[in-house]
Amino acid sequence: GSDYVPFLAAGIVVGGVNTGAGGIKSVNERDQYSAILGIGNGGIANAAYDPCYHQQCDTITNINPFSYEKVVKAAAHAMEYLGRLNDLEKWLYPQGRTKNFQFLKPNHLYNFHNDPDFIWA
């Protein structure tokens, strides 16, 4: 995701719950969701998780209520968990804070999981 890069580049704390964004759903993932949600409800294999990601159709009318509820509950749980930690900074930055935010390009579309332009210092 890149929606938060300008904030991160400015040194503003960011966070969120990843729902797939522009990723591709595998056959295995489709089958896992079908087993949980019922046959035919696991989505489409080899298709984008969210074909509207960063597109004109990426609006509030495109929200899946089931997924939305799960994401909201996950975010609430994460915030409560983090709020109860005795030393949040040490938990977040066990090796110290990253020092390379100034190198981030606000208009670059980053994939923070494997983008070579984003290296933790």
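Quick note, the sequence shown lines up with residues 1 to 121 if you use the numbering used here. Idealized CB from N, CA, C, for every residue including glycine.
Query raised in the report: According to DSSP, which residues form a beta bridge with I24?
Result: A48
Query raised in the report: If you run the structure through DSSP and keep just helix, strand and coil, what is Q95?
Result: Three-state DSSP puts Q95 in coil, outside helix and strand.
Query raised in the report: From which residue to which residue does the alpha helix (DSSP H) around H77 run?
Result: Segment P65 to G83, the alpha helix (DSSP H) holding H77.
Query raised in the report: Considering only the beta carbon of each residue, do G22 and Y53 sit closer than 8 Å?
Result: yes
Requested in this report: Please look up how many angstroms separate the CB atoms of A45 and S26, rounded, as I've assumed it's under 8 Å.
Outcome: The pair is a contact, with the Cβ atoms about 6 Å apart (cut-off 8 Å).
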